[in-house]
Every structure is written in structure tokens, then in C-alpha cells.
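K.L.:
Let me begin by handing over the structure; questions about it come next.
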Amino acid sequence: MISIKPIATVKNSIDAPQDDYWGSVISDIVLEDEIPDETLIGLSSFSHVTVIFYMHKVIDEKICLGARHPRNNSNIEPVGILSQRGKNRINKIGVTDCSIVNVSGNTLRVKGLDAINGSLVVDIKPVFKQFLVDKEAVTQPVWVDSVMSDYFNV
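Here this note's numbering is used: the first residue of the sequence shown is 1, the next is one more, and so on.
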């Protein structure tokens with residue numbers, strides 16, 4: 001059994017899951033009371049963080065254990081949920097790299113986080129260049145470009 005304790009809560013204007021237009025969303029990641037502000041010291045010297053969060057509004061009955069059409073687009077062949085980045089995941093875990101706007105007290109403000117208001121954050125990591133994959137070295141199916149075309153648009 002795994003026990004994961006949330007460290008923060010996302011505060012933003014998005015109250016329901018959405019598929020696109022996350023690029024301009026500003027979110028405050030507010031630490032839980034028992035997590036000291038000192039845990040954020042040094043983050044302001046980075047440009048980006050990876051945020052790992054729990055997608056609390058995913059309905060259990062909609063969790064996908066098999067293959068499905070990405071974005072429910074029947075023009076795309078079904079692929080397994082682990083071959084997609086859809087929200088109806090087995091463990092409801094989201095992982096997103098986003099830009100740091102600022103750090104103040106117990107709050108990390110970020111831009112481009114695709115978590116809705118009230119999502120629980122289970123970890124935050126600074127983005128190190130050494131962990132980034134060369135985009136030119138990444139291969140992916142053609143359908144990914146079409147389903148992601150507006151994801152981070154504003």
C-alpha cells in the first residue's frame with residue numbers, strides 16, 4: 001500500500017476539467033499548514049517546476065483501463081490510457097512542467113499548470129536542464145500533434 005500526503009493545494013479560476021487553453025492559466029500553489037515556507041526557498045532562482053498533482057474531479061466510473069480513442073476522436077485509432085496523457089487515468093495523477101511566476105511565503109505562483117482549483121499537489125520539483133529530453137530525439141504518433149494543438153494555447 002502506498003500512502004501519499006498532499007503538500008499543497010492549487011488555487012485558480014478553473015473549477016471544472018477542460019481539455020485545452022491552459023497556457024495563460026495562473027495558479028497559486030498554497031502549501032499545507034504543516035509544510036513550512038522554507039521548503040520553497042531557492043525555487044525563485046528557477047524558471048520552471050514540475051508539479052505532480054491528484055486529479056480529484058476525475059470520476060471513478062470514467063477511469064479507463066483499456067484502449068480508447070484519444071480525446072474521444074473516432075478518427076484516431078484507440079490506444080491504451082498509458083499511451084495517452086488523458087485525465088481518466090488509473091491513479092488520477094497529473095504531471096506538468098510549468099513556469100514560475102513568483103514565490104511568496106507559503107505560495108508558489110505558476111503559469112500553464114493544467115490542474116483545476118482544489119487539486120492536491122503531492123510534489124514539486126525544479127526543472128533541471130539535465131533532465132530534459134532533446135525534443136528532436138522524441139518520436140510520437142502523428143495524432144498527438146492534432147490532439148495537443150490547442151492544449152497550451154491562450
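Idealized CB from N, CA, C, for every residue including glycine.
Could I get the ranges of all uninterrupted beta strand (DSSP E) runs contained in the region 37-99, with 3 residues as the minimum, in chain order?
P.N.:
If we require 3 residues or more, the beta strand (DSSP E) runs fully inside the region 37-99 come out as 48-54.
K.L.:
What are the boundary residues of the beta strand (DSSP E) that D28 is part of?
P.N.:
Stepping through the sequence shown from its first residue, residue 28 is reached at position 28. Taken as a continuous stretch (DSSP letters only), the beta strand (DSSP E) holding D28 covers 26-31.
K.L.:
From V95, V133, S119, pick the residue whose C-alpha is nearest to that of D15; which is it?
P.N.:
The residue you call residue 15 lines up with position 15 of the sequence shown. Of the listed residues, the one whose Cα sits closest to D15 is S119.
K.L.:
Taking all protein chains shown into account, decide if K87 is buried (16 or more other Cβ within 10 angstroms of its Cβ) or exposed.
P.N.:
Within the sequence shown, numbered from 1, the residue matching residue 87 stands at position 87. The residue is buried, with at least 16 neighbouring Cβ atoms inside 10 Å.
K.L.:
Going by Cα to Cα distance, which pick from R89, N75, T39, N72 is closest to E61?
P.N.:
Counting from 1 along the sequence shown, the entry for residue 61 is found at position 61. Measuring from the Cα of E61, the nearest candidate turns out to be R89.
K.L.:
Between which two residues does the alpha helix (DSSP H) carrying V147 extend?
P.N.:
Taking the first residue of the sequence shown as position 1, residue 147 is located at position 147. First-last of the alpha helix (DSSP H) with V147: 143-147.
K.L.:
Would you check if the region 100-118 and the region 30-45 touch, i.e. whether three or more CB-CB distances between them fall below 8 Å?
P.N.:
Judged by Cβ distances under 8 Å, the region 30-45 makes contact with the region 100-118, as three or more pairs qualify.
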